[in-house]
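Inspection log for the structure reproduced underneath, given as structure tokens.
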Amino acid sequence: ILLPYERANESIVAAAEKGLHLLHQVNIKQTDNHHYFRVIQFFTTGTLLFTQEEITIKINNAYSSTFSVLLAPYYLHL
Numbered sequence: 001i002l003l004p005y006e007r008a009n010e011s012i013v014a015a016a017e018k019g020l021h022l023l024h025q026v027n028i029k030q031t032d033n034h035h036y037f038r039v040i041q042f043f044t045t046g047t048l049l050f051t052q053e054e055i056t057i058k059i060n061n062a063y064s065s066t067f068s069v070l071l072a073p074y075y076l077h078l
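Residues 1 to 78, numbered by the working numbering, are exactly what the sequence shown covers, in order.
See the structure below:
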């Protein structure tokens, strides 16, 4: 799921009530100078090892390679 970063803990609690466990979380921020503003969470019914990563959308005023690869299928100019 994609959520505002401030709501990340709420979704973890709600998912746990339904028997789901956080598998992977991606924290997203606009630039290195910004705080996280979005989070992508992946849940599972199993109890696998939790992993986490970070995506910065722009580095030095250009789209980062991670952002470009992830969203290239959805953006015409990437």
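Every residue, glycine too, gets a C-beta built ideally from N, C-alpha and C.
### Query
On the three-state DSSP scale, how would you describe Tyr75?
coil
### Query
Out of curiosity, what's the CA-to-CA distance linking Ile40 and Ile28?
8 Å
### Task
Within the region 6-75, note down every full alpha helix (DSSP H) run reaching 4 residues or more, in order along the chain.
8-17, 65-71
### Query
So Phe37 and Leu23 are in contact, right, with Cβ under 8 Å, and what is the actual spacing, rounded?
With a Cβ gap of about 22 Å, Phe37 and Leu23 do not count as contacting.
### Task
State the Cα-Cα distance for the pair Ala62 and Arg7, rounded to the nearest angstrom.
Each residue's alpha carbon lies about 28 Å from the other.
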